[in-house]
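Enquirer: Let me begin by handing over the structure; questions about it come next.
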DNA sequence: TGCCTTTATTGAAACGTTTCAATTCACGAT
DNA sequence: ATCGTGAATTGAAACGTTTCAATAAAGGCA
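Protein chains in written order, with my numbering: chain E, 350 to 698; chain Y, 350 to 698.
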């Protein structure tokens, strides 16, 4: 039933030795044309397929890398994964995509499996902020690159996006559009990304010569989905001095908020301007297209994979790097003030 | 630098033989308590981690399965993947997620790699409708299950959703709401899913005692993204007898259409009722929440994985099955006729 | 004391590659 | 005729497990 094929059978059929078959497979140029053809024919006839396990065992290293993300269903990570995959495939590697689901246990499980498989390296957005355990991992000879999280320790490569800057350009844009009081809807400030974005806002406000304590109205949610966004509308409207614009820490929050505002009969951007974060695919196809901060997700993945391969292939000369990407403001209808008469592109970026 | 650990070292340190260490790892119950503890301690001290390649080589089979999807970025497939992953992990397997990107070449590449790795089995939504080459694959001893595609041949397991039924309930719903002329916006009818949904519509129309040729207005697009949806508005409004409702073959099309309608000042559902397909996450958070057809994506993945494991573990007794799930209508605001005064739940399903 | 059974441990073979030193062969140069 | 050279091929060792027949030790019973 299952194929019994092995290099040995191919050798027998072609009337050559084991070594020669292996050479045909790995360094065809060193074997005589006539022999090569004979072996190739035997391979085809038998339907021989190399045994990867045996190969890896002998070589000591595998042909795959692990990618551990917090949530496969999050469009952010899928796009990152695509970047990783493209580069890895080009280099002849397979990506094992692992979903930690924000659980330290699942993460640790996956790390263990990957170690057993003698993975070349691991790209990971760690669940915990302490990365000490990843050091142990590295000392066992497996390359590690931190994803979407700048590493504090100098001993780990990392690739991330400048969230401070993201917060800054979002706020600066709204300030320019004439808003002097901006709501910031966000999840817990203990999450580094969120705290960073807030810091960016403060910077922009100060640059504009305003007082952050007056200009920024914090509205904190416990999670960051659309439901929470909608719930925020009440808080927003009952604020002592009502903001004229809102910056949401992600697009789902903005989506919910938008829905709530419409229910309250408040128009966007006239009654309330809105800026989101992530520039998810559907941001541009909402009833009012959403201004958002775009992150180079695909490039993030590519860059991380590149660093990983460098570390894996040049373990001695490798220098740890910290790549930080810049976010980009994508202006759409949801934040354009009415007096703004610049032409409005369709926004199908 | 890298860990030299092997079972041999553990044995030496614990003062036992190779076989005993292996037994501690695989059948701890047969080794004496005292010995077991000594070996365990040696393992911990050395930081020994089993070599998966060697293990697989010996065992002849690997501990992973492959999942080949058309597009990881599609929320449909991510949800399916989640289902597969959960079940596989529980069974102690790792899932290698592969992205064929609709390319036969990439698909074939992945199949080859998976074969080299002696994968237990493959879950695949094939690029081509001809599945003959998958038979070859199976004959080499690798289990195969078709995903989101009913197999014609009886020799392959398959898991899919009843698209005829999906089209039927969508149309029936609109007919019930009082519409007698329904637009159907869709990509090429050569795609089986789309043709099936259309067949379902016809069935519903006939059941309602109407003439399909009059009741259904076809609008075909070449692709199925939001952009195409928006472009359809023109065609829709210029149709000789303008429909009062539209059924879109997926939610992205519906999204675009919605946007176009709003631009034309046509209200939803008053001016035009709308039903989508897939019930993507954001369907419920649009300015007008979208009625859609939900497919049990997660269960689809789970069921497929289950069939795969059955085939892989009981190659002799295994019977090929064709599991077909039923789609479900999720009614939201976009399709409720005004005279409909049933209470309107929030729709955060 | 000697025999039998049970329990625990051992050592070697096997899985399918790759690698590398050793061998063979043919051919041109001496 | 002999030697040296280079190209082509070979065969055995090694990678780190698991498995299994064989052995050793311990205990029970006559």
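C-beta atoms are modelled at their ideal positions from N, C-alpha and C, and glycine is treated no differently.
All of these numbers come straight from a predicted model, not from anything done at the bench.
1. List the residues of chain E whose Cβ lies closer than 8 Å to the Cβ of residue 427 of chain Y, in chain order.
2. In terms of alpha-carbon separation, which member of E/677, E/512 and E/504 lies closest to residue 551 of chain E?
3. What is the DSSP secondary structure of residue 363 of chain Y, counted as helix, strand or coil?
4. Would you mind telling me which residues of chain E sit closer than 7 Å to residue 611 of chain Y, beta carbon to beta carbon, in chain order?
5. Leaving aside the five residues before and after residue 455 of chain Y along the sequence, list all residues of the same chain whose C-beta is less than 6 Å from its C-beta, in chain order.
6. If you drop the 5 nearest sequence neighbours on each side, which residues of the same chain put their C-beta closer than 6 Å to that of residue 608 of chain E?
7. Of all the residues that make up the segment 457-482 of chain E, which are near chain Y by a beta-carbon distance shorter than 9 Å?
8. Give the straight-line distance between the Cα atoms of residue 604 of chain Y and residue 582 of chain Y, rounded to the nearest whole angstrom.
9. Just to confirm, is the Cβ distance from residue 491 of chain Y to residue 417 of chain Y under 8 Å?
10. In three-state DSSP terms, what is residue 508 of chain E?
11. Leaving out five residues before and five after residue 503 of chain Y in sequence, what residues of the same chain have Cβ atoms less than 7 Å from its Cβ?
12. Can you check whether the CB of residue 354 of chain Y is closer than 8 Å to the CB of residue 388 of chain Y?
13. For the structure I just gave you, are there three or more beta carbon pairs, one from the segment 428-436 of chain E and one from the segment 480-490 of chain E, closer than 8 Å?
14. Quick one: list the residues of chain Y neighbouring residue 445 of chain E, beta-carbon separation under 9 Å, in chain order.
15. For residue 428 of chain Y, verify whether its CB is less than 7 Å away from any heavy atom of the ligand FAD.
16. Could you please tell me which residues of the segment 374-406 of chain E, in chain order, have their CB closer than 9 Å to any CB of chain Y?
17. Taking C-beta pairs closer than 7 Å, name the residues in chain Y that residue 434 of chain E reaches, listed in chain order.
18. For residue 457 of chain E, tell me which candidate among E/483, E/548 and E/655 has the shortest Cα-Cα distance.
19. Do we get a CB-CB distance below 8 Å when we pair residue 621 of chain E with the residues of chain Y?
20. Along the chain, where does the beta strand (DSSP E) containing residue 622 of chain Y start, and where does it finish?
21. Take residue 559 of chain E as the anchor and find which of E/570, E/527 and E/654 has the nearest alpha-carbon.
22. Can you pull the chain E neighbours of residue 605 of chain Y, defined as C-beta to C-beta under 9 Å?
23. My assumption, with CB atoms under 8 Å, is that residue 508 of chain E sits in contact with residue 672 of chain E. Please give the rounded CB distance.
24. Taking a Cβ distance cut-off of 7 Å, strictly less, list which residues of the segment 559-586 of chain E are near chain Y, in chain order.
25. Could you tell me whether the Cβ of residue 521 of chain Y comes closer than 8 Å to any Cβ of chain E?
26. By the three-class DSSP mapping on this structure, what secondary structure does residue 643 of chain E have?
27. Report the CB separation of residue 514 of chain E from residue 549 of chain E in whole angstroms; it is logged as a contact under 8 Å.
28. In angstroms, rounded to a whole number, what distance separates the CA positions of residue 601 of chain Y and residue 585 of chain Y?
29. Looking at chain E, is there any beta carbon in it that lies within less than 8 Å of the beta carbon of residue 335 of chain Y?
30. Can you tell me where the beta strand (DSSP E) with residue 443 of chain E in it begins and where it stops?
31. From the DSSP output, which residues share a beta bridge with residue 543 of chain E?
32. Buried or exposed: where does residue 599 of chain E fall if 16 or more other Cβ atoms within 10 Å of its Cβ makes it buried?
33. Quick one: grab the DSSP three-state call for residue 614 of chain Y.
34. Does residue 486 of chain E come within less than 8 Å of chain Y when only Cβ atoms are used?
Expert: To lay it out plainly:
1. Translated into the one-based positions of the second chain, residue 427 of chain Y becomes position 78. By Cβ distance, chain E contributes 421, 422 and 427.
2. In the first chain, counting from the first residue as 1, residue 551 of chain E sits at position 202. It is E/512 whose Cα lies nearest to the Cα of residue 551 of chain E.
3. Counted from its first residue, the second chain places residue 363 of chain Y at position 14. If DSSP states are grouped into helix, strand and coil, residue 363 of chain Y belongs with the helices.
4. Here the question's residue 611 of chain Y lines up with position 262 in the second chain. By Cβ distance, chain E contributes 636.
5. Position 106 of the second chain, counting from 1, holds the residue named residue 455 of chain Y. Cβ within range, chain order: 449.
6. Residue mapping note: residue 608 of chain E aligns to position 259 of the first chain, counting from 1. Excluding sequence neighbours, residue 608 of chain E sits near 579.
7. 458, 459, 461, 462, 463, 464, 465, 466 and 467
8. Here residue 604 of chain Y refers to the residue found at position 255 when the second chain is read from its first residue. Here residue 582 of chain Y refers to the residue found at position 233 when the second chain is read from its first residue. In a straight line, the C-alpha of residue 604 of chain Y is about 12 Å away from that of residue 582 of chain Y.
9. Position 142 of the second chain, counted from the first residue, corresponds to residue 491 of chain Y. Position 68 of the second chain, counted from the first residue, corresponds to residue 417 of chain Y. Going by C-beta atoms, residue 491 of chain Y is not nearer than 8 Å to residue 417 of chain Y.
10. Taking the first chain and counting its residues from 1, the one referred to as residue 508 of chain E is at position 159. In the structure shown, residue 508 of chain E sits in a strand (DSSP, three-state: E or B).
11. The sequence position of residue 503 of chain Y within the second chain is 154, counting from 1. Excluding positions up to five away in sequence, the list reads 669.
12. Taking the second chain and counting its residues from 1, the one referred to as residue 388 of chain Y is at position 39. Taking the second chain and counting its residues from 1, the one referred to as residue 354 of chain Y is at position 5. The answer is no: Cβ separation not under 8 Å.
13. no
14. Taking the first residue of the first chain as 1, we reach residue 445 of chain E at position 96. 413, 443, 444, 445 and 446, listed in chain order.
15. Annotation note on the ligand FAD: not contained in the displayed structure, which lists no ligands.
16. 396, 398, 399, 400, 401, 402, 403, 404, 405 and 406
17. To locate residue 434 of chain E, count along the first chain from 1; it is residue 85. By Cβ distance, chain Y contributes 448.
18. Within the first chain, numbered from 1, the residue matching residue 457 of chain E stands at position 108. Checked all of E/483, E/548 and E/655; the closest Cα to residue 457 of chain E is E/483.
19. Walking along the first chain from the start, residue 621 of chain E turns up at place 272. No, residue 621 of chain E does not count as interfacial toward chain Y.
20. Your numbering for residue 622 of chain Y matches position 273 in the second chain. Here the beta strand (DSSP E) through residue 622 of chain Y covers 622-624.
21. Here residue 559 of chain E corresponds to residue number 210 of the first chain, with the count starting at 1. It is E/527 whose Cα lies nearest to the Cα of residue 559 of chain E.
22. Counting from one through the second chain, the residue named residue 605 of chain Y turns up at place 256. Correct list: 634.
23. Numbered from 1 along the first chain, position 159 holds the residue referred to as residue 508 of chain E. Numbered from 1 along the first chain, position 323 holds the residue referred to as residue 672 of chain E. With a Cβ gap of about 5 Å, residue 508 of chain E and residue 672 of chain E count as contacting.
24. 575 and 576
25. Walking along the second chain from the start, residue 521 of chain Y turns up at place 172. So, not an interface residue.
26. The residue labelled residue 643 of chain E in the question sits at position 294 within the first chain. Correct three-state label for residue 643 of chain E: strand.
27. Along the first chain, one-based indexing puts residue 514 of chain E at 165. Along the first chain, one-based indexing puts residue 549 of chain E at 200. About 6 Å; that satisfies the 8 Å criterion.
28. The count along the second chain starts at 1 and reaches residue 601 of chain Y at position 252. The count along the second chain starts at 1 and reaches residue 585 of chain Y at position 236. Rounded to whole angstroms, residue 601 of chain Y to residue 585 of chain Y spans 17 Å at the Cα level.
29. The shown model of chain Y, from 350 to 698, leaves out residue 335 of chain Y, and the question about it has no answer.
30. Here the question's residue 443 of chain E lines up with position 94 in the first chain. Looking at the DSSP string, the run of the beta strand (DSSP E) that includes residue 443 of chain E is 443-448.
31. Against the first chain, residue 543 of chain E aligns to sequence position 194. DSSP lists no partner for residue 543 of chain E.
32. Counting from one through the first chain, the residue named residue 599 of chain E turns up at place 250. That one is buried.
33. Counting from one through the second chain, the residue named residue 614 of chain Y turns up at place 265. In the structure shown, residue 614 of chain Y sits in coil (DSSP, three-state: anything other than H, G, I, E or B).
34. In the first chain, counting from the first residue as 1, residue 486 of chain E sits at position 137. Judged by the 8 Å Cβ criterion, residue 486 of chain E is not in contact with chain Y.
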